[in-house]
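Beneath this line is the structure, given in structure tokens, with notes to follow.
Residue numbers (the working numbering): 4 to 177.
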């Protein structure tokens, strides 16, 4: 069974995923990094040249490939929940854990990250985060098997909470 981390940019998917991978002895697959490696382009380059729709198509294809793997930690892209096909694929092979945080925390954590283009040009980072969070929150809620609030938690604390909640559900990490 895979552990699939979902959530907004800055929610801690990669940081928590690295710790989970180390503690559980599993491979971490960071979806945005995999997309960049497979296409040879950064996400901003893909979006600039082809638009968000094409990026989501690529993400959907790679989500299918990753979902066929077993016993991995998947740090998904923030928008993976925007396509129902992705959720169906991911749920077939794993448990989806929503890493949740407030917009203020997300904005603070992402800082001046130039590797993350705005979803709509002309928005400030805060506006982009607020609008995107409002749009995606119900999608995360619907997709998630577990929700972990990462507010005021270190990645280590959040990872331990994920492991403990999975253990309550009978997951041993093997």
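By construction, the Cβ of each residue, glycine as well, lies at the ideal position given by its N, Cα and C atoms. If you're wondering where the values come from, they're calculated on a predicted model, not measured in any experiment.
Residue i classed as buried or exposed, judged by whether at least 16 other C-beta atoms fall within 10 angstroms
i	result
residue 171	exposed
residue 60	exposed
residue 125	exposed
residue 127	exposed
residue 4	exposed
residue 157	exposed
residue 131	buried
Cα-Cα separation between residue i and residue j, rounded to whole angstroms
i	j	result
residue 90	residue 143	10 Å
residue 55	residue 129	19 Å
residue 30	residue 102	19 Å
residue 162	residue 40	26 Å
residue 159	residue 107	21 Å
residue 98	residue 48	31 Å
residue 135	residue 11	8 Å
residue 96	residue 21	20 Å
residue 154	residue 174	24 Å
Residue i: CB within 7 Å of a non-hydrogen atom of the ligand NAD
i	result
residue 8	With respect to the ligand NAD, the structure shown offers nothing to examine, as it has no ligands at all.
Per DSSP, cross-strand counterpart(s) of residue i
i	result
residue 89	Answer is none; residue 89 lacks a bridge partner.
residue 9	101
residue 74	In the DSSP output, where bridge partners are listed per residue, residue 74 has none listed.
residue 33	78
Rounded Cβ spacing between residue i and residue j (contact assumed at less than 8 Å)
i	j	result
residue 166	residue 26	7 Å
residue 67	residue 92	5 Å
residue 34	residue 78	6 Å
residue 13	residue 112	4 Å
residue 62	residue 32	Actually they are not in contact, since the Cβ atoms of residue 62 and residue 32 sit about 13 Å apart, beyond 8 Å.
residue 100	residue 7	7 Å
Which ranges would you report for the alpha helix (DSSP H) in the stretch 108-168 if only whole runs of at least 4 residues count? 128-146
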